[in-house]
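Using the working numbering, read the sequence shown as starting at 51 and increasing by one per residue.
Just below is one structure, and these are the notes that go with it.
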Amino acid sequence: MMRMPTPLLAAGVVALVACSNAGENIELPPLPTGGLGVAVYVDRDGTGTLTTLDTTFAGARVAIFGLGGLDTILAGATSPQGQATFTGVPIGRYQFAVVPASIGDSLPELTLLGSDTLRISAQPGSTFAASAVLAGYPTLTLAEARSAAVGRRVFVRAIVTSALQFFPDSATYLRSGALALRVVPSAHWPGRTGNNLGDSVIVAGTTARVGGQPVLANARILTVGTTPAPAPIAVSVTDLPTARNGELDAALVVLDSAAIADTATVPGFYEMRVEVNGDTALVRADSLLLVPKALFVPGRGLRIRGVLVPDGNGTWYLRPRPVNGEFTVLN
Numbered sequence: 051m052m053r054m055p056t057p058l059l060a061a062g063v064v065a066l067v068a069c070s071n072a073g074e075n076i077e078l079p080p081l082p083t084g085g086l087g088v089a090v091y092v093d094r095d096g097t098g099t100l101t102t103l104d105t106t107f108a109g110a111r112v113a114i115f116g117l118g119g120l121d122t123i124l125a126g127a128t129s130p131q132g133q134a135t136f137t138g139v140p141i142g143r144y145q146f147a148v149v150p151a152s153i154g155d156s157l158p159e160l161t162l163l164g165s166d167t168l169r170i171s172a173q174p175g176s177t178f179a180a181s182a183v184l185a186g187y188p189t190l191t192l193a194e195a196r197s198a199a200v201g202r203r204v205f206v207r208a209i210v211t212s213a214l215q216f217f218p219d220s221a222t223y224l225r226s227g228a229l230a231l232r233v234v235p236s237a238h239w240p241g242r243t244g245n246n247l248g249d250s251v252i253v254a255g256t257t258a259r260v261g262g263q264p265v266l267a268n269a270r271i272l273t274v275g276t277t278p279a280p281a282p283i284a285v286s287v288t289d290l291p292t293a294r295n296g297e298l299d300a301a302l303v304v305l306d307s308a309a310i311a312d313t314a315t316v317p318g319f320y321e322m323r324v325e326v327n328g329d330t331a332l333v334r335a336d337s338l339l340l341v342p343k344a345l346f347v348p349g350r351g352l353r354i355r356g357v358l359v360p361d362g363n364g365t366w367y368l369r370p371r372p373v374n375g376e377f378t379v380l381n
């Protein structure tokens, strides 16, 4: 019977025990990390792209998710500079969202300016990923703007029928389709001081009522294109006092033939009462027009173009623009 040497067996056991703990104190290198950044801006001019007119938004809440995940991994608010920055983020792919409630109901339009997928890798120059979001006011049609509640900040897109530099109150008149809208007071964004007839514009303004009719107030205008000067809508004397039951409020119109019934000079205006077959309407020309009063005497016939303005008492008057051809003396 063969016996295994006991000392040799013991030595082998000791060796195994010793090897089982080998590397116990070896430290693995830390996993690489990087950073994520999300910027939030306010679209001030309505272009839907980042421009020098846009401003940063502080306090927007940004949530970070794993790619395809639903659970929030990280969250933070944008700084006064509009930046939400996350550091120490493990390499990988992430998605983000800006929480609409943190921006408020007045800026419901969120436009992604980059990708909503952010990737951090260990490659040089790839350890930080960033994107941006533009928060904007709602863009309304003229019909929607006219019926909107007072006090909403909105964008509208339309064509200029009368420019802000034409009248002392800086009113701009717009048309889109069959509808018109008055914008008062208005100013152009830096770079221009006024508009041309037919300019295609984006207007940022606050819905309001002036003279009993809808307007956009405290507005800023951005010119984005040009079109031919719009043609006026033909009206009769009976259409003018009611603006055709309000349908032509702020519209550019033309009265082809009417006789001057009487005239008066009042502060800021030269007024003419025009008449056809016993029906009358009021024309109020701004003093800056320098109307040749000697020509405009009772009995003479006129062709007049202008915009319809409410007087606040339920009636409208015709306000000629200071451009060539607004008045034509017929006889």
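Cβ atoms here follow ideal geometry from the backbone N, Cα and C, with glycine treated the same way.
CB of residue i within 8 Å of CB of residue j, strictly
i	j	result
Pro370	Arg350	no
Gly186	Glu159	yes
Leu100	Leu184	yes
Arg232	Val265	yes
Val112	Ala182	no
Ala309	Val324	yes
Ile114	Phe136	yes
Trp366	Pro360	yes
Ile252	Arg294	no
Pro188	Leu338	no
Arg143	Leu117	yes
Leu49	Ala199	The structure shown has nothing for residue 49, since the chain only spans 51 to 381.
Beta bridge counterpart(s) of residue i as assigned by DSSP
i	result
Glu159	Gly186
Ala258	Val265
Phe377	Ile354
Gly87	Thr135, Ala180
Thr101	BP columns for Thr101 are empty, so no partner.
Arg169	Arg143
Leu298	For Leu298, which the question treats as bridged, DSSP gives no partner whatsoever.
Nearest residue (CA-CA) to residue i, options the options
i	options	result
Gly364	Arg323, Pro342, Leu298, Thr292	Thr292
Val304	Val265, Leu266, Leu368, Asp249	Leu368
Ala110	Val92, Arg207, Asp104, Leu103	Val92
Gln145	Gly164, Gln133, Leu332	Gly164
Val130	Phe115, Val90, Asp361, Arg203	Here residue 130 turns out to be Pro, not Val, going by the sequence shown. For Pro130, the nearest C-alpha among the options comes from Val90.
Glu376	Ala254, Asp336, Asp361	Asp336
Ala279	Ile252, Leu340, Tyr223, Arg203	Tyr223
Gly241	Thr102, Arg259, Thr83	Thr102
Leu358	Thr83, Leu302, Leu157	Leu302
Thr106	Leu340, Leu157, Phe178	Leu157
Cutoff 6 Å; reference residue i; Cβ partners in own chain excluding five residues on either side
i	result
Asn268	Thr256
Cutoff 8 Å; reference residue i; Cβ partners in own chain excluding five residues on either side
i	result
Asp249	Ile209, Val210, Ala213, Thr273, Gly275, Thr276, Thr277
Thr97	Ile252, Leu272, Val274
Chain-order list of residues whose beta-carbon lies under 7 Å from that of residue i (same chain, five-residue window excluded)
i	result
Val379	Leu345, Arg350, Leu352
Ala331	Val287, Leu290, Pro291, Val324, Leu368
Item to check | Length-filtered (4 minimum) alpha helix (DSSP H) runs lying within the segment 260-287 | outcome: Whole alpha helix (DSSP H) segments, 4+ residues: zero.
Item to check | Contained beta strand (DSSP E) runs [length at least 3] in the segment 331-367, N- to C-terminal order | outcome: Runs of beta strand (DSSP E) with 3 or more residues, each lying fully within the segment 331-367, are found at 351-360, listed in chain order.
Next on the checklist: Suppose only complete runs of 4+ residues qualify. What are the alpha helix (DSSP H) ranges in the segment 117-148, listed by chain order?
Outcome noted: Taking 4 residues as the minimum length, the segment 117-148 contains no alpha helix (DSSP H) run wholly inside it.
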